[in-house]
Amino acid sequence: MKIKLDRTSLLKLVCLIILIFAMFFGAVELIFLVDLGGIDFAVTFLLIYFASMRDALTYKFRLHKSNLRAALVYLSELYMFKPKIFVSHASAAGILVALTCSIFLACLVWVPLIYVSSGFIV
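Just so we're aligned: the sequence shown equals residues 230 to 351 in the numbering used here.
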């Protein structure tokens, strides 16, 4: 049996995939919508449902993006990320890793600088 993918069968296949995808993500009420209103009503409901989900996700994405930007601005003002300080400590840590193969010793180079940047030691 050969299956021909003409326009109508392709559209039915796409609608079926969308319905299965939506039911997988918790839209079980689609079964009742298909039973009461038909496939057209259910697909219209899905499009509206996904549009509201898209709006909520873009809002969350923008919120996380602005929070990340604020955190990066805060981090860029810290003492340990000043170019002279950062380059000297990064090169010292790199040399320690190359000579001793110990990441623990390389991290010890950063500990005093982290305390100074945090404001505990003035």
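Glycine included, C-beta positions come from ideal geometry on N, C-alpha and C.
Within 10 angstroms of the beta-carbon of Ala327 lie fewer than 16 other beta-carbons, which makes it exposed. Spatial neighbours of Leu334 in its own chain (CB-CB distance under 7 Å, excluding positions within 5 residues in sequence) are listed in chain order as Leu325. Residue environment analysis places Ala280 among the exposed positions, since fewer than 16 neighbouring C-beta atoms fall within 10 angstroms of its C-beta.
Counting C-beta pairs with one atom in each stretch, the region 311-325 and the region 283-293 have fewer than three that are closer than 8 Å, which means they do not touch. Straight-line measurement puts the Cα of Leu301 at about 39 Å from the Cα of Ile247. In the three-state reduction of the DSSP assignment, Ser346 falls in the helix class.
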